[in-house]
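**Q** Got a structure for you, questions after.
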Amino acid sequence: MQVKKRLYIGLLAVSLLIVIGLAALLWYLFANRALLINQVVLISLAYVAAVLFALLGLGILGIVIMIKRSKSVPSLEAVTLWANEMLFPMALLTGKFFGIDKEKILKSYISVNNYLVGNKKLALKSSDIMILLPHCLQNSECKFKITIDVENCKKCGKCKISDLRELAERYRVKLRVATGGTLARKWIQENHPKAVIAVACERDLSAGIQDTGELPVLGVLNCRPNGPCINTDVDVAEIERALLIMLSKGGL
Ligand code: SF4
518 MQVKKRLYIG
528 LLAVSLLIVI
538 GLAALLWYLF
548 ANRALLINQV
558 VLISLAYVAA
568 VLFALLGLGI
578 LGIVIMIKRS
588 KSVPSLEAVT
598 LWANEMLFPM
608 ALLTGKFFGI
618 DKEKILKSYI
628 SVNNYLVGNK
638 KLALKSSDIM
648 ILLPHCLQNS
658 ECKFKITIDV
668 ENCKKCGKCK
678 ISDLRELAER
688 YRVKLRVATG
698 GTLARKWIQE
708 NHPKAVIAVA
718 CERDLSAGIQ
728 DTGELPVLGV
738 LNCRPNGPCI
748 NTDVDVAEIE
758 RALLIMLSKG
768 GL
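Under our numbering, the first residue of the sequence shown carries the number 518, and numbering increases by one thereafter.
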């Protein structure tokens with residue numbers, strides 16, 4: 518397992534241990550106030566907590582199993598997704614506590630997500646796939662409104678939108694440009710893709726992956742040679758690789 522993936526999974530596991538530790542402390546405090554608190558309620562709470570912790574642990578184990586086997590385990594997908602969503606904020610806090618750079622954690626999270634999505638071996642039709650681009654990829658001096666319709670791009674070659682239009686046309690996949698989460702959600706709702714290839718920075722990509730729930734999203738990080746959010750760039754070959762993963766039965 519690559520270091521990138523290990524970091525995020527490790528943080529998930531440590532987060533779970535911290536939650537268990539806090540719950541144990543709570544239990545200890547409550548147990549010593551037995552006269553005030555009904556024992557039946559306490560025991561019921563302990564059972565509920567034990568089940569929750571077991572499910573969260575199973576979710577982390579599911580991620581490890583799927584990465585080790587390089588294959589998705591459909592019966593574990595729901596619990597894995599749920600555990601991931603529940604422990605994600607905690608993993609970020611734990612990483613902050615240990616002084617780990619947030620971008621590094623988000624990159625690790627995206628890497629784990631991409632691996633799990635790739636292992637699903639989706640074998641989709643190209644018409645079911647949507648490539649979602651951030652507006653900042655467009656040359657800032659371009660006057661054409663590509664967020665309304667990407668076909669407004671005249672393919673002048675001053676930014677990667679031109680290459681990406683060609684890629685989308687060659688594979689016959691949908692291509693949309695969004696200025697943020699709201700427009701991205703609108704494109705997804707209107708087009709009903711079965712999977713998305715999203716390009717963005719670490720923060721927006723991880724938020725988008727969390728936001729889309731069960732919809733498979735392969736994340737491709739953009740490059741920011743001019744700083745964040747202006748005239749950004751992306752490796753078109755990486756997007757094509759993501760496309761081939763979603764189209765192929767072999768997955769990764
Ligand atoms: S490639 Fe398209 S979007 Fe980019 S600057 Fe040229 S016309 Fe504008």
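All residues carry an ideal CB built from backbone N, CA and C; glycine is no exception.
To the nearest whole angstrom, what separates the beta carbons of Lys621 and Leu654, a pair I think is in contact under 8 Å?
**A** 23 Å between Cβ atoms; not a contact.
**Q** Are the Cβ atoms of Leu528 and Ala608 separated by less than 8 Å?
**A** Yes, Cβ-Cβ distance for Leu528 and Ala608 is below 8 Å.
**Q** Classify Asn630: buried if its beta carbon has 16 or more other beta carbons within 10 angstroms, exposed otherwise.
**A** The residue in question, Asn630, is buried, as its Cβ has 16 or more Cβ neighbours within 10 Å.
**Q** What does DSSP give as the partner residue(s) for Leu735 in the beta ladder?
**A** Answer is Ile714.
**Q** What are the boundary residues of the beta strand (DSSP E) that Arg693 is part of?
**A** Arg693 -> beta strand (DSSP E) spans 691-695.
**Q** Which whole-angstrom value describes the C-beta separation of Ile526 and Ile582, a residue pair presumed to lie in contact below a C-beta threshold of 8 Å?
**A** Not confirmed; about 11 Å, so no contact.
**Q** Nearest CA to the CA of Ile680: which residue from Asp752, Ser532, Glu602?
**A** According to the sequence provided, residue 680 is Asp. The question's Ile does not apply to it. Selected option, being the one with the closest Cα: Asp752.
**Q** Tell me the residue span of the alpha helix (DSSP H) that contains Leu722.
**A** Residues 719-728.
**Q** Would you call the stretch 645-662 in contact with the stretch 696-712, where contact means no fewer than 3 C-beta pairs closer than 8 Å?
**A** These segments touch.
**Q** Which whole-angstrom value describes the C-beta separation of Ala724 and Gly698, a residue pair presumed to lie in contact below a C-beta threshold of 8 Å?
**A** About 7 Å; that satisfies the 8 Å criterion.
**Q** Does DSSP classify Gly744 as helix, strand or coil?
**A** In this structure, Gly744 counts as strand in the three-state DSSP scheme.
**Q** Which residue comes first and which comes last in the alpha helix (DSSP H) that contains Leu681?
**A** Counting along the chain, the alpha helix (DSSP H) containing Leu681 begins and ends at 678-688.
**Q** Report the rounded CA-to-CA distance for Glu683 versus Ile756, giving the unit in angstroms.
**A** Between Glu683 and Ile756, the C-alpha separation is close to 12 Å.
**Q** Residues in its own chain within less than 8 Å of Phe570 by CB, not counting five upstream and five downstream?
**A** So the qualifying residues of the chain are Leu533, Val536, Ile537, Ala540.
**Q** Using only the alpha-carbon positions, how far apart do Gly612 and Lys619 sit?
**A** Straight-line Cα distance between these residues: approximately 7 Å.
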